[in-house]
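To start, the structure under review is shown below, and the notes come after it.
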Amino acid sequence: MQAVKRIGRYAFERFESLFDTIFGVQHNPLYHLGALGWFFYWIVAVSGIYLYIFFDTGVHQAYESVEYLTYTQWYAGGIARSLHRYASDALIIVMLLHLLREFMMDRLRGPRWFSWVIGIAILWLVFACGITGYWIVWDKLAQYVAIASSEWLDSLPLFGQSIARNFLHDSTLSGRFFSLMVFIHIAVPLILLFILWVHIQRMTQADVNPPKALALSVFAALLVLSLIYPAESQGPADLSRVTSSVGLDWFYMAVYPLIDLFSGLTVWAMAGLATVLLFILPWIPRKKTSLAVVDLENCNGCSRCALDCPFSAIAMRPRSDGSPFAQEAVVLSSKCVGCGICVGACPTATPFRRHSALIAGIELSDHPVMQLRQQVMQTSEGLTGSTRILIFNCATGPDLGALRDNATAVLTLSCIGQLPPPFLDFIITRGFAEGVLLTGCREGDCHYRLGSRWSKQRIARERDPYLRERVPRERLEIFWAGVDQSSELSSRLRAFRQRLAQLDPVRAKGRPPDPTEAAAENA
Amino acid sequence: MLKLAGQLAAFALFALAVGYFSASPQYNYMAADKALIKMNFSHAGQPTQACRKVTQAELDQLAPNMRKPMDCPRERVALLVEVKINGESKFKRAVPPSGIARDGAATVYEKFELAEGTYAVSVAMRDSRREQGYDYIMQKEVSIEAGQVLVIDFEAETGGFKFL
Ligand code: HEM
Ligand code: SF4
Ligand code: SF4
Numbered sequence: 002m003q004a005v006k007r008i009g010r011y012a013f014e015r016f017e018s019l020f021d022t023i024f025g026v027q028h029n030p031l032y033h034l035g036a037l038g039w040f041f042y043w044i045v046a047v048s049g050i051y052l053y054i055f056f057d058t059g060v061h062q063a064y065e066s067v068e069y070l071t072y073t074q075w076y077a078g079g080i081a082r083s084l085h086r087y088a089s090d091a092l093i094i095v096m097l098l099h100l101l102r103e104f105m106m107d108r109l110r111g112p113r114w115f116s117w118v119i120g121i122a123i124l125w126l127v128f129a130c131g132i133t134g135y136w137i138v139w140d141k142l143a144q145y146v147a148i149a150s151s152e153w154l155d156s157l158p159l160f161g162q163s164i165a166r167n168f169l170h171d172s173t174l175s176g177r178f179f180s181l182m183v184f185i186h187i188a189v190p191l192i193l194l195f196i197l198w199v200h201i202q203r204m205t206q207a208d209v210n211p212p213k214a215l216a217l218s219v220f221a222a223l224l225v226l227s228l229i230y231p232a233e234s235q236g237p238a239d240l241s242r243v244t245s246s247v248g249l250d251w252f253y254m255a256v257y258p259l260i261d262l263f264s265g266l267t268v269w270a271m272a273g274l275a276t277v278l279l280f281i282l283p284w285i286p287r288k289k290t291s292l293a294v295v296d297l298e299n300c301n302g303c304s305r306c307a308l309d310c311p312f313s314a315i316a317m318r319p320r321s322d323g324s325p326f327a328q329e330a331v332v333l334s335s336k337c338v339g340c341g342i343c344v345g346a347c348p349t350a351t352p353f354r355r356h357s358a359l360i361a362g363i364e365l366s367d368h369p370v371m372q373l374r375q376q377v378m379q380t381s382e383g384l385t386g387s388t389r390i391l392i393f394n395c396a397t398g399p400d401l402g403a404l405r406d407n408a409t410a411v412l413t414l415s416c417i418g419q420l421p422p423p424f425l426d427f428i429i430t431r432g433f434a435e436g437v438l439l440t441g442c443r444e445g446d447c448h449y450r451l452g453s454r455w456s457k458q459r460i461a462r463e464r465d466p467y468l469r470e471r472v473p474r475e476r477l478e479i480f481w482a483g484v485d486q487s488s489e490l491s492s493r494l495r496a497f498r499q500r501l502a503q504l505d506p507v508r509a510k511g512r513p514p515d516p517t518e519a520a521a522e523n524a
Numbered sequence: 138m139l140k141l142a143g144q145l146a147a148f149a150l151f152a153l154a155v156g157y158f159s160a161s162p163q164y165n166y167m168a169a170d171k172a173l174i175k176m177n178f179s180h181a182g183q184p185t186q187a188c189r190k191v192t193q194a195e196l197d198q199l200a201p202n203m204r205k206p207m208d209c210p211r212e213r214v215a216l217l218v219e220v221k222i223n224g225e226s227k228f229k230r231a232v233p234p235s236g237i238a239r240d241g242a243a244t245v246y247e248k249f250e251l252a253e254g255t256y257a258v259s260v261a262m263r264d265s266r267r268e269q270g271y272d273y274i275m276q277k278e279v280s281i282e283a284g285q286v287l288v289i290d291f292e293a294e295t296g297g298f299k300f301l
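Protein chains in written order, with our numbering: chain R, 2 to 524; chain Y, 138 to 301.
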């Protein structure tokens with residue numbers, strides 16, 4: 002499974018690199034698939050409301066009212082109809098890509114199962130919306146869909162009477178059943194909206210709005226399509242006739258040929274199996290995540306960790322230990338994915354503190370900051386030369402083992418956002434290395450959603466905790482490397498080293514590096 | 138400039154894919170020269186056993202509110218349905234009653250694809266406990282043209298099978 006993901010991720014990132022050059026990182030649609038999904042949902046919702054004003058819900062009037070919208074009122078109703086259809090189709094494209102991407106990028110395991118499992122419900126609901134939508138036009142395609150769908154439902158031994166009987170003959174055609182479809186086509190999108198909201202509940206600052214330029218561009222693309230190639234009906238339904246072929250909307254109806262090819266029950270079994278398979282994917286294989294743990298003695302209740310946690314896994318609660326602070330951080334362990342971004346946000350996670358006291362307000366259970374400081378000091382000892390570079394990368398990024406040499410060390414974090422800015426200060430001003438290179442997931446897309454964004458902002462002094470001004474910025478290099486960008490990372494590293502060689506040596510401020518301290522911690 | 142061209146190409150490709158697959162390619166689900174006969178009805182068969190008069194001794198053993206003079210088993214027989222076209226049996230099936238207690242109506246839904254032409258269609262159904270023969274039979278000569286849908290329906294109150 003993880004091998005499939007490695008290949009899939011590499012493929013995605015190749016395309017992302019290509020799209021980076023075409024659209025720029027900011028506007029790369031592959032980084033905003035979920036947001037584009039929301040955007041298309043809103044287009045469908047607004048155009049749908051407009052259509053509904055003129056739509057006649059009677060089975061014998063529906064077709065004519067849609068014809069009126071399409072031709073007589075082509076300039077508004079026709080465009081609304083086309084946008085309604087094409088945005089629904091576009092929604093399928095981005096939704097399936099989004100699903101595939103979240104899977105390949107492995108963003109579904111551990112506590113992240115939640116969004117995934119909700120996503121499966123979304124999948125079914127979206128298809129239900131689309132199919133009922135085509136049903137209520139009551140053209141030849143609707144007739145095909147109505148009969149094929151009700152035959153498919155009838156293949157399940159659930160309903161006593163056959164649903165297909167409603168669409169058998171004009172004399173059995175049920176206006177009530179048709180109205181039920183209209184009702185479902187309005188109710189299901191509303192349920193979908195609620196479920197979409199649930200889908201992003203475990204995320205702080207979920208990306209629900211694509212960048213404006215991207216949104217405008219895709220909207221323009223759909224609008225142009227609507228004008229050149231307006232959505233039309235396929236002739237009025239007539240139950241006494243059967244057409245030999247229909248123009249399917251393959252985004253929504255690819256399943257129907259399967260029903261003809263196999264049988265209704267077989268396709269139900271296939272759909273059920275696919276759903277079950279999707280359902281268990283977050284647990285194959287099980288992921289052991291380390292957890293954030295609060296140390297109340299060191300927590301002053303500043304709430305920075307809660308603000309920075311990308312997964313809403315920290316709650317600020319009234320103080321429970323009698324200390325004078327008003328609040329304390331509480332980790333909700335069922336939501337914590339172990340990214341460590343909270344540690345990077347905690348003002349008490351500073352290596353300048355006395356060794357014995359170095360426990361931060363919030364720590365990753367399997368990688369405390371004390372250990373990180375020790376790693377820094379130890380690896381520094383092994384480096385030689387006048388351009389020693391410490392690279393910090395994250396566990397989900399590309400493997401950087403090949404970059405190690407006697408002047409270059411690599412320290413791997415859970416996420417780059419786990420690194421508290423004072424560590425950069427510590428390393429450079431105390432002379433543990435001449436330069437620090439930070440790398441993580443590719444630019445514009447962090448495995449833990451917000452890690453690289455917060456890191457950038459902390460270093461740029463736009464977000465707490467700020468990197469102190471005294472840290473010479475020319476000794477910091479940041480390159481967000483995707484898995485397909487290892488060679489660029491190497492050349493960045495070479496250029497960085499050349500730059501460092503030309504700088505004046507750092508005058509170590511504060512205490513000089515203290516080898517005995519590192520030695521003591523070793524023991 | 139190159140970037141803009143790339144973006145335009147990407148959006149054009151996207152719109153093209155959306156537009157094309159939204160209604161094409163056509164799906165041919167039936168030969169164009171064929172017609173369709175659909176048979177669909179729901180009908181409850183007779184109970185598997187006749188009602189039985191309950192003896193006084195048995196009645197006395199029941200709680201007062203359960204005392205009914207007749208004991209009528211709810212289970213129904215399966216329908217036996219047969220369709221012959223030009224004398225050839227195309228469909229013959231025992232259709233079980235619905236419901237866990239097997240006391241509901243049985244439902245038949247079947248489609249026959251036929252070439253344009255005239256056919257002798259005979260539909261027969263047994264809904265009773267008899268072992269031989271049928272309770273309802275309809276025999277009719279029908280002409281159908283390509284693309285036409287003919288429906289075989291059943292309504293016991295109006296005498297059984299009929300074409301719609
Ligand atoms: C109309 C359909 C959908 C929309 C509009 C949508 C929207 C979103 C949005 C806005 C995010 C947050 C992205 C971020 O800020 O990082 C997200 C995350 C996610 N979605 Fe969807 N989604 C849809 C369907 C699905 C489906 C079908 C699945 C999979 C079965 C899925 C799985 C996920 C997962 C696993 C995450 C990531 C959660 C995490 O980072 O922990 N989504 N979705
Ligand atoms: S490690 Fe910290 S930031 Fe990451 S999910 Fe857990 S609590 Fe949130
Ligand atoms: S950032 Fe640190 S000090 Fe602030 S609330 Fe969180 S754990 Fe406490």
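Glycine is no exception: its CB is placed at the ideal position from the N, C-alpha and C atoms.
No experiment lies behind these values; they were computed from the predicted model shown.
From R:Trp139, R:Leu501, R:Pro399, pick the residue whose C-alpha is nearest to that of R:Val60; which is it? R:Trp139
Decide if the segment 249-265 of chain Y is in contact with the segment 222-229 of chain Y; the criterion is three or more beta carbon pairs, one per stretch, under 8 Å apart. Contact between the segment 249-265 of chain Y and the segment 222-229 of chain Y is present: 3 or more CB-CB pairs across the two stretches fall below 8 Å.
Going along the segment 158-186 of chain Y in order, which residues come within less than 9 Å of chain R, judged by CB to CB distance? Phe158, Ser159, Ala160, Ser161, Pro162, Gln163, Tyr164, Asn165, Tyr166, Met167, Ala168, Ala169, Asp170, Lys171, Ala172, Leu173, Lys175, Asn177, Phe178, Ser179
Give the residues from the segment 281-299 of chain Y that approach chain R closer than 9 Å (Cβ to any Cβ), ordered along the chain. Ala283, Gly284, Gln285, Val286, Leu287, Val288, Asp290
Shortest alpha-carbon distance to R:Ala207 belongs to which of R:Gly236, R:Phe179, R:Cys310? With distances taken between CA atoms, R:Ala207 lies nearest to R:Cys310 out of R:Gly236, R:Phe179, R:Cys310.
Going by other Cβ atoms of all chains shown within 10 Å of its Cβ, with 16 needed for buried, is R:Arg86 buried or exposed? Classification for R:Arg86: buried.
Contact criterion: CB-CB distance below 7 Å. Does R:Leu98 meet it with respect to chain Y? no
Spatial distance of Y:Ala169 from Y:Phe178 (CA atoms): 27 Å
So, under 8 Å CB-CB, R:Ala316 and R:Gly362 are touching, yes? Tell me the CB distance rounded to an integer number of Å. About 14 Å separates the two Cβ atoms, so there is no contact after all.
Cβ of Y:Ala168 versus every heavy atom of ligand 1: is any distance shorter than 6 Å? no
Own chain residues within Cβ distance below 8 Å of Y:Leu145, not counting five before or after: none
Do you know offhand how far R:Ser491's Cα is from R:Ile392's? 11 Å
Residues in the same chain with beta-carbon distance under 6 Å from R:Gly131, minus the five sequence neighbours each way, listed in chain order, please. Ser89, Tyr253
Shorter than 6 Å, the distance from the beta carbon of R:Arg347 to the closest heavy atom of ligand 3, or not? With the sequence shown as reference, residue 347 of chain R is identified as Cys, and Arg is not the correct amino acid for it. It does: the Cβ of R:Cys347 is within 6 Å (strictly closer) of some heavy atom of ligand 3.
With distances taken from CA atoms, which of R:Leu169, R:Gly402, R:Ala272 is nearest R:Ala238? R:Leu169
For R:Ser502, is the beta carbon positioned less than 6 Å from some heavy atom of ligand 3? With the sequence shown as reference, residue 502 of chain R is identified as Ala, and Ser is not the correct amino acid for it. R:Ala502: no, Cβ never under 6 Å from ligand 3.
Comparing alpha-carbon positions, which option in R:Cys340, R:Leu52, R:Val146, R:Gly445 lies nearest R:Gln27? R:Gly445
Please report the Cβ distance between R:Arg82 and R:Thr71, rounded to the nearest whole angstrom; I am assuming they are in contact, meaning their Cβ atoms lie under 8 Å. 6 Å
At a Cβ threshold of 7 Å, is R:Pro112 touching chain Y? no
Report the residue from R:Gly383, R:Ile121, R:Ile390 whose alpha carbon sits nearest the alpha carbon of R:Leu274. R:Ile121
Helix, strand or coil: which one does DSSP assign to Y:Ala268? A small correction: the amino acid at residue 268 of chain Y is Glu; Ala does not occupy that position in the sequence shown. It is coil, neither helix nor strand.
Residues in the segment 121-151 of chain R with C-beta within 7 Å of chain Y's C-beta atoms, listed in sequence order? none
If you follow the alpha helix (DSSP H) that R:Pro423 is in, where does it begin and where does it stop? That run of the alpha helix (DSSP H) goes 423-430.
Just to confirm the assignment, what range does the beta strand (DSSP E) spanning R:Cys130 have? R:Cys130 -> not in any beta strand (DSSP E); alpha helix (DSSP H) instead, spanning 114-136.
Counting C-beta neighbours from all protein chains within 10 Å, is the total for Y:Asn165 16 or more, i.e. buried, or is it exposed? exposed
Could you check if R:Ala221 is buried or exposed, using at least 16 other CB atoms within 10 Å of its CB as the buried criterion? exposed
Quick check: the Cα distance between Y:Gly297 and R:Phe115, rounded to an integer number of angstroms? Those two C-alpha atoms are separated by around 55 Å.
Through-space distance from R:Leu365 to R:Ala4, alpha-carbon basis: Rounded to the nearest angstrom, the two C-alpha atoms are 27 Å apart.
Determine the burial state of R:Gly302: buried for a count of at least 16 other Cβ atoms within 10 Å of its Cβ, exposed for fewer. In this structure R:Gly302 is buried. Its beta-carbon is surrounded by 16 or more other beta-carbon atoms within 10 angstroms.
Using the rule of at least 16 other Cβ atoms within 10 Å of the residue's Cβ for burial, across every protein chain shown, is R:Asn167 buried or exposed? Burial check for R:Asn167: the Cβ neighbour count within 10 Å reaches 16 or more, so the residue is buried.
CB of R:Val295 to nearest heavy atom of ligand 2: below 6 Å? no
When the Cα atoms are used, what is the spatial distance from R:Ala521 to R:Gln375? Because the pLDDT at R:Ala521 is just 42, under 50, the model does not fix this residue reliably, and the value given afterwards should be weighed accordingly. Their backbone Cα atoms lie some 10 Å apart in a straight line.
Under 7 Å by beta carbon: chain Y residues contacting R:Trp251: Phe158
Between which residues of its own chain and R:Pro399 is the CB-CB distance below 8 Å, once the five residues before and five after are set aside? Ala482, Gly483, Val484, Gln486, Ser487, Leu490
Look up R:His448 in the DSSP assignment and say whether it is helix, strand or coil. coil
Can you tell me whether Y:Leu301 sits near ligand 1, meaning its C-beta is under 6 Å from at least one heavy atom of the ligand? no
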